[in-house]
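If you're matching positions, the sequence shown starts at 1304 in the numbering used here and goes up one per residue.
In this text, a Cβ means the ideal position worked out from N, Cα and C, and glycines have one as well.
Keep in mind it's a predicted model, so treat the numbers as computed, not measured.
For reference, the structure discussed in these notes is given below.
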Amino acid sequence: MDELNLYNIAYKHLFNCIHFGLYPTGSSLPTIPELCRTFNVSSATIHSALRLLQEENYVSLSQGRSAIVTYDINEEECREKYRIYSYATKDALLDLCNTMLLIWPEAMLQGLKLCSDKDLKKLDEIFERMSPYNEYPYFEFFLHILKSLENPLFLNLYQSTNFFGHSTIMHLGDNAYIYGYMTYLKREAAQILSLRRASDYVQLKDLLIRLYQRHIEGVQRYQDSLLPPDHPVEPIPYEWNYFSERPLVNFNLAMKLLRQIYSSFGNQEYLPSFTSLAKQYSVPLITVRRAIKILSDIGIVETIPGKGTRVMVGLDNPAPISSFTTPNFKKALLQYLQSVQIILVICKDVALSVFPALADSSIQSAISWLQNILISKDYYMTFGICFGLLNEKAQSPALKQILGGLMYFQYLGYPLNDMKPYAFRFDSRSTTALLKSLQEKDAELFAAELQHLALEVFKAGKEKLTAGGIHEAETIALPVIL
């Protein structure tokens, strides 16, 4: 996760907390160490966010002290701002909460399984700092659990989903509710640690589900009390801002072109001209040139002087493995592997949720794809077809946003299958099993087989990146999938 993105997350959160009255005029913001732990960032990143708030006259800074809110806050005005904001985010937040119920219990369970003794001691230390009067140790507790997966993309998703809607502000002023809920959270945190030390993962998963259900109840309780604003408000959707704020625009375009190539172009065909691509994707010509260079480096295309850019997909001329170590490409491939790990963790629960709502036409289309794959033996395409089915047919806007983001990175994985000297890892087993699950409309079989295939995709990707010199791939944890 780059510093720009982290700085934005911290700044936006503190900005909104001031505007919505969580920190009144004259009050102190959390300490820099607290903010560093909450956002999992360096003190330099927090200092950057605080300096911008100071430049905009929201806080004053002095050495050795917490930032003091100087913005002139009218409590009634703040309540009204938050009420309007809450009404604008109401539908999106409730939808996001239901999506979180599909994602975070299993993600937290996997994180807890991977926690070392040192991690558990750290969780004990955070637990001791939990108080009904400070929400930050609770953020830190669950963030630290996720950190054991060694996946910055997962941490970003956690922060993105938790800070949307600013649910900690919802019950501001209702001291009895806040005290009761925070006390409940601390009690459940103690139980989480106890069950983890006993390795009782069945009860632990049940507890985590109940925890998120209780969170949803609190959100629903507040939303039910909302009075409509005097004037219509524009709905605010949930957006996973990881992609919109990325500075790697060249890779964003390269991934879009990969998708276009795999869906629309055959071997030896030529891409449109650079000028046409720049117009099609509304980007500068230099961005197109850099994106094409990326695709050329990984053996997807080659530029023929006087003719254009020829598609080389599937030809027996893969890029040398040394191209993995190009700095930006290395970063992008790590993000690909991080996204596969997230899919591996969440795909089973997501599949069980989405599968029953799949239309017959969607199932038949996927069946046709898998039948063709069995004939062509392009087994590596199976994962994209089946995960893409969930992405395309998810009813929840928040789930669709998250799955779409994860799918976005999957196109970078396709060329890995053609990289020598590594033969295809996949055979017909998963394709046949997933085909059977679709033909029989068996959600349990589909979910289990998709997760099994995701595990193989993750292992293969990690192996290839490590062999290609991207040693950071070794640290991305292999989830404990039973």
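- If you check the CB distance, I1670 and Q1742 come in under 8 Å.
- By the neighbour-count criterion, in which a residue is buried when 16 or more other Cβ atoms sit within 10 angstroms of its Cβ, N1377 is exposed.
- For I1597, the uninterrupted alpha helix (DSSP H) segment begins and ends at L1588 to D1600.
- Annotation for G1687: the continuous alpha helix (DSSP H) segment containing it runs M1684 to K1696.
- Per DSSP, R1613 is not a residue of any alpha helix (DSSP H); the beta strand (DSSP E) it occupies stretches across G1611 to V1614.
- Counting along the chain, I1607 sits inside the beta strand (DSSP E) bounded by residues V1604 to I1607.
- In this structure, S1740 sits near F1749, with a CB-CB distance shorter than 8 Å.
- A buried status is given to A1763, since no fewer than 16 other beta-carbon atoms sit within 10 Å of its beta-carbon.
- Residue burial is scored here from C-beta neighbours: P1327 has fewer than 16 other C-beta atoms within 10 angstroms and is therefore classed as exposed.
- With respect to F1554, I1597 sits close: the two C-beta atoms are nearer than 8 Å.
- Between G1414 and S1369, the C-beta gap is not smaller than 8 Å, which leaves the two residues out of contact.
- The Cβ atoms of N1454 and I1645 lie closer than 8 Å to each other.
- Membership of M1403 in the alpha helix (DSSP H) is indicated by the continuous run E1378 to L1417.
- Here DSSP, grouped into helix, strand and coil, assigns Y1565 to helix.
- A straight-line Cα-Cα distance of about 13 Å links A1770 and L1636.
- In terms of Cβ geometry, A1736 and E1752 form a close pair [threshold 8 Å].
- The continuous alpha helix (DSSP H) containing L1748 extends over residues A1746 to A1770.
- Its Cα nearest to that of F1323, the residue Y1361 stands out among S1346, L1353 and Y1361.
- In this structure, I1495 is the residue among F1445, I1495, L1529 and H1518 with its C-alpha nearest to the C-alpha of L1507.
- According to the DSSP secondary-structure assignment, Y1573 is paired through a beta bridge with R1613.
- Under the three-state reduction of DSSP output, N1437 falls in the strand class.
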